[in-house]
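Visitor: Converting from the sequence shown to the numbering used here requires adding 222 to each position, the first position being numbered 1.
Just so you know, even glycine gets a beta-carbon here, dropped at the ideal spot from N, CA and C.
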Amino acid sequence: MVELARFVVHDGTDPFTPPQSKLDWVDTSIPGVKQPVIRWRRMISRVSVVVEGPEGDDVRNQFNACVTKAAVTSLVSGFVAGFASGGMAGLTTAMTSFVASLDNCVESALGRAVDITAHVDSDSRWSDWE
């Protein structure tokens, strides 16, 4: 299996993790007097959907031709499921729909069974103190 595509869903400040704060004391221009300063740091995250499939130019070319159709189908089903469930079920439904639609499109074009999988790859870290 080779990576056919990597779609970045989110790259930036994590909207679901509250920032951390701490109180520091810094020197002022008056000797012996310190001033309180609140410092913040935020969670930075990157979430990607990684699509993998078999090697071969024919698979990759057909994948590129089918990806837009599959993305639109999964986006619609994900929005409907997310709205109906109030959240995370939308991502699961969108991923399932995306892979099924993509798999079906590539297989029907190539005339043979092809195993295409997708998974979520995430990385997160705390930013520097501001």
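Can you look up V259 in the DSSP assignment and give me helix, strand or coil?
Guide: Taking the first residue of the sequence shown as position 1, residue 259 is located at position 37. The answer is strand: DSSP assigns V259 an E or B state.
Visitor: Considering T235, what are the terminal residues of the beta strand (DSSP E) in which it resides?
Guide: For the purposes of this step, residue 235 is identified with residue 13 of the sequence shown, where counting begins at 1. It spans 224 to 235 - the beta strand (DSSP E) in which T235 sits, taken as one unbroken run.
Visitor: Name the DSSP beta bridge partners of S346, please?
Guide: Taking the first residue of the sequence shown as position 1, residue 346 is located at position 124. Beta-bridge pairing links S346 to S267.
Visitor: Check each candidate in M317, D337, A316 and name the one with the smallest Cα separation from N326.
Guide: Translated into the one-based positions of the sequence shown, residue 326 becomes position 104. Answer by Cα proximity: D337.
Visitor: Looking only at C-alpha atoms, which of G254, W262, G234 sits nearest to L245?
Guide: Numbered from its first residue, the sequence shown carries residue 245 at position 23. L245 has its Cα closest to that of W262, out of G254, W262, G234.
Visitor: For V273, is the classification buried or exposed, using 16 other Cβ atoms within 10 angstroms of its Cβ as the cut-off for buried?
Guide: Within the sequence shown, residue 273 is the residue found at index 51, counting from 1. V273 sits buried, since 16 or more C-beta atoms from the chains shown fall within 10 Å of its C-beta.
Visitor: Nearest by alpha-carbon distance to S349: which of R282, T235, Q257 is it?
Guide: Walking along the sequence shown from the start, residue 349 turns up at place 127. Comparing Cα positions, the closest option is T235.
Visitor: Beta-carbon separation of E329 and A322 under 7 Å?
Guide: For the purposes of this step, residue 329 is taken as the residue at position 107 of the sequence shown. For the purposes of this step, residue 322 is taken as the residue at position 100 of the sequence shown. Going by C-beta atoms, E329 is not nearer than 7 Å to A322.
Visitor: Taking 7 Å as the threshold (C-beta atoms), are V248 and Q257 in contact?
Guide: Here residue 257 refers to the residue found at position 35 of the sequence shown. Here residue 248 refers to the residue found at position 26 of the sequence shown. For Q257 and V248, yes; Cβs fall inside 7 Å.
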